[in-house]
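Each remark here refers to the structure printed beneath this line.
2 protein chains.
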Amino acid sequence: MEVEEKLIKKLGSGSLDFESYFSEKAMEMKASEIRELLKLVESSDVISLAGGLPAPETFPVETIKAITEEILKTHADKALQYGTTKGFTPLRLALAEWMEKRYGIPMSKVEIMMVAGSQQALDLIGRVFIDPGDIVVVEGPTYLAALNAFKYYDPEFLSIPMDDDGMIVDILEEKLKELKAEGKKVKFVYTVSTFQNPAGVTMSLKRRKRLIELAHEYDFLIVEDSPYSELRYSGKPIPPIKHFDDEGRVIYLGTFSKIFAPGFRLGWIAAHPHFIRKIEIAKQAVDLCANPFAQVIAWKYVADGHLDEHIPKIIEFYKPRRDAMFEALEEYMPEGVRWTKPDGGMFIWVTLPEGVDTKLMMEKAVAKGVAYVPGEAFFAYRDVKNTMRLNFTYVPEETIREGVKRLAEVIKEEIKALKG
Amino acid sequence: MEVEEKLIKKLGSGSLDFESYFSEKAMEMKASEIRELLKLVESSDVISLAGGLPAPETFPVETIKAITEEILKTHADKALQYGTTKGFTPLRLALAEWMEKRYGIPMSKVEIMMVAGSQQALDLIGRVFIDPGDIVVVEGPTYLAALNAFKYYDPEFLSIPMDDDGMIVDILEEKLKELKAEGKKVKFVYTVSTFQNPAGVTMSLKRRKRLIELAHEYDFLIVEDSPYSELRYSGKPIPPIKHFDDEGRVIYLGTFSKIFAPGFRLGWIAAHPHFIRKIEIAKQAVDLCANPFAQVIAWKYVADGHLDEHIPKIIEFYKPRRDAMFEALEEYMPEGVRWTKPDGGMFIWVTLPEGVDTKLMMEKAVAKGVAYVPGEAFFAYRDVKNTMRLNFTYVPEETIREGVKRLAEVIKEEIKALKG
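For the record, the sequence lines run as chains A and B. So the first sequence is numbered by the numbering used here: it starts at 1 and just counts up by one. So the second sequence is numbered by the numbering used here: it starts at 1001 and just counts up by one.
The structure is reproduced here in structure tokens:
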């Protein structure tokens, strides 16, 4: 039989009942809607405000070239070999110093461990902390891929609404009181504290302090996911929640994806060594170690000061895009449409009048040549239908303006249809 | 308070009961004994035959330099950006072609997916296929990190003994009959089919074909882990089990760790697209995608023919080391000691007389200046005490000879003590 024929036969319907071999949990797994959605958009000439990608223009290619050349001369043995599960020690040390300098968090390398992007941190945290039924607090809306990562471990999500100052901590407190009365506890609160994905908002200083107090009072942990905090285009920096953590309750997640390049798949966990040790053991079984080649490159990037030099350049590149989106929203959006005004990050969150279903509206938008991410999937219980996430980092200003213009037209028609 | 003081306070005993936050499964997680062991050995002047590392001299540093320079010119946008979960399409295509050419397996890119080393493949396979209590067949001994990866998913291991022709498939058949009589089924058979880790043996052609027949007859899958098959120093190549798979029952795992560099943390799964699709969804929640930077480099490495050029060089480098270990074992080991005679790979498996406990003997060996891996942990039920794994790839010939000589002395004393 010819190779080609054999291949066709093998890939054909076949006799195996493939589904019958999957675990029960695998049967529940669903592909990320956003990723599926983006596949459709990719192949057309639609303006996509849907993505979550950094602009490739912000990747420091020349620096990477120089560093790579250097480390292949001086550190090839480390960069190309297996590494320890915790990560490349000089990089952990450099990150500890960087966090201390940048955020005023006293930090030692024993508190830092490297992971394959913060997505892996989310999965490992699920693995190490969540028992089925454990209560995990998330923001409403929250980072979709965090929901996906945690879901595998069967927590019960408690979704706390947000306003322009981030998670409404007073509402959390009420819920904590209720849970306490029922003899229940929260395992951890997950927050993207600064320039949140998807909402763009930042938790206020007052709420950060209050959240730490509540964590102590009601004995829960805080997972602070902070991929965007360095991308500040206006306003004053606020220290991370981790800054106020004297007990070791905060597990902080950092990533190189937005301040270096996502292609290195490199993030870090900063947490108490007791927690790091257990997460390290979990990671050992999962993939042995984070990419040593990328880690050695990242070490030079941080230790030689390239990171601090490069961040202002990313900010300079993104700020006009954010401003263009602000202006376009202001100019084109009809009455009844609201949006967040982030001081940084990558996303703006748009709320349409009640009754509009942005998921249903998506097809019309794509027909008009614009795409966004419907907000529904960002809510743990998918109970909000009239929101959407817009990205302003990937396409240039003029395209942003045109995209928002097209989107505004679709929304106007939708509102009209709703009233009519 | 000073930063230093704050740090000490934070890292001190503290008031948190850290253990109380861990999931039940996390409480069961144990660090890999081998990794812990190797930490001890690293810091002394002991000759370590314990490791499992490729020799850094085999890393094609100059090729990597040239490729990296090129792809940062031509493919920086792909290499530094997020990638799709399935992996970089040109690399998947190149691997499909390579496997077809090399192993005579008709293969399409839809059957290939990239992972962060084959360790991640093992974890994802556990996640996608194992329900608690599912029967997973392993070799006795088997790859330790596979046991660790699968264990999280609570399978029941069935350990099948091996001889010089690999897993004794007749014994497997008996067990399958017994299980069938009890109304039970095996979910999958896990085998490192060629130059096994830890035993070094290769499953014979006859047994490969019989295993595929049994898989059909008793309806189970086969996970064929094949990190070493390209490292053949003598004898004739045997096609992978996957070669005989007409139904899509074999999930084949490949890796760049032994034929390129482990520092890229890059492996691949070759399996029926039905299985690939589900594993892809599982991977999405776990870490989004394998390292695109490493993938683009690996693509050039395979597609431009460097892989095929480089494999003979690795073989040339390792063969004298294997031969040196064969000779030293022959020369120094006392009667009653047996070892495998691998045609390739990285390991030789040594069996001592009954009654010797290699784990207990380890301390004496280290005192004599040599280290090995006690065999116990490679058995699913830790029921064999008198075996050890020796690695011959990491240290040079003379060191191997000296290491084996020291080891033989320790063993002689141990046997003497046993008799006396």
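For each residue, glycine too, the CB sits at the ideal point set by N, CA and C.
Nearest C-alpha to SER118 (chain A) among A:GLY267, A:LYS385 and A:VAL189: A:GLY267. Bridge pairing for TYR1190 (chain B): B:VAL1223 [DSSP]. Put simply, the CB of PHE1256 (chain B) is far from chain A, with every gap to its CB atoms at 8 Å or more.
Beta-bridge partners of ILE269 (chain A) (DSSP): A:MET113 and A:LEU253. Membership of ASP1165 (chain B) in any beta strand (DSSP E) is not indicated, and neither H nor E is assigned to it by DSSP. Nearest C-alpha to GLY1133 (chain B) among B:TYR1082, B:THR1393 and B:PHE1150: B:PHE1150.
No residue range can be given for ARG232 (chain A), since it is assigned to no beta strand (DSSP E) and is classified by DSSP as neither H nor E. Using a Cβ distance threshold of 8 Å, HIS306 (chain A) and THR63 (chain A) count as a contacting pair. For ASN1148 (chain B), the enclosing alpha helix (DSSP H) starts and ends at 1144 to 1151. C-alpha of MET361 (chain A) to C-alpha of TYR1153 (chain B): approximately 41 Å in a straight line. The beta carbon of TRP1299 (chain B) is closer than 7 Å to those of PHE1088, PRO1090, LEU1091 and ALA1094 in its chain, skipping five residues each way along the sequence.
Ranked by Cα distance from MET167 (chain A), the options A:VAL350, A:VAL410, A:THR142 and A:PRO155 are led by A:THR142. For SER1048 (chain B), the secondary structure class from DSSP, reduced to helix, strand or coil, is strand. Taken atom to atom, the span from the alpha-carbon of VAL1404 (chain B) to that of ALA1050 (chain B) is near 12 Å. At a C-beta separation below 9 Å, ASP123 (chain A) has these neighbours in chain B: ALA1285, VAL1286 and ASP1287.
For GLY403 (chain A), the uninterrupted alpha helix (DSSP H) segment begins and ends at 397 to 419.
By the C-beta density criterion, ALA96 (chain A) is buried, having at least 16 other C-beta atoms within 10 angstroms.
Per DSSP, reduced to three states, the secondary structure at GLU62 (chain A) is helical. When only Cα atoms are considered, THR1191 (chain B) and LYS1180 (chain B) end up about 21 Å apart.
Not flagged as an interface residue toward chain A: ARG1382 (chain B), since no C-beta distance is shorter than 8 Å. C-alpha of PRO273 (chain A) to C-alpha of GLU354 (chain A): approximately 47 Å in a straight line. C-alpha of ALA66 (chain A) to C-alpha of MET114 (chain A): approximately 23 Å in a straight line. For the pair ARG389 (chain A) and GLY375 (chain A), the CB atoms are nearer than the 8 Å cut-off. At a cut-off of 8 Å between C-beta atoms, GLY305 (chain A) does not count as an interface residue with respect to chain B. Straight through space, the alpha carbons of VAL1110 (chain B) and ASP323 (chain A) are spaced by roughly 42 Å. Taken in chain order, the whole beta strand (DSSP E) runs of length 3 or more contained in the stretch 67 to 124 of chain A are 112 to 115. For ARG1321 (chain B), the enclosing alpha helix (DSSP H) stretches over residues 1306 to 1332. In the DSSP annotation of this structure, VAL366 (chain A) is not part of any beta strand (DSSP E); the continuous alpha helix (DSSP H) holding it starts and ends at 358 to 367. Assigned with DSSP and collapsed to three states, PRO1374 (chain B) falls in strand. Among the bridge pairs identified by DSSP, LEU158 (chain A) is matched with A:VAL137. Excluding residues up to 5 positions away in sequence, TYR1103 and GLY1104 lie with their Cβ nearer than 7 Å to the Cβ of PRO1239 (chain B) in the same chain. Within chain B, SER1023 have C-beta atoms less than 8 Å from the C-beta of ILE130 (chain A), given in sequence order. Residue contact with chain B for GLN120 (chain A): present (Cβ-Cβ distance below 8 Å to some residue of chain B).
Sequence-distant Cβ neighbours of THR1393 (chain B) in its own chain, meaning closer than 7 Å and more than five residues away, are PRO1054, ALA1055, TYR1318, ARG1321 and MET1346. In terms of CA proximity to GLU1069 (chain B), B:PHE1293 leads the group B:THR1358, B:ASN1148 and B:PHE1293.
For GLU1057 (chain B), the number of other beta carbons within 10 angstroms of its own is below 16, and it is reported as exposed.
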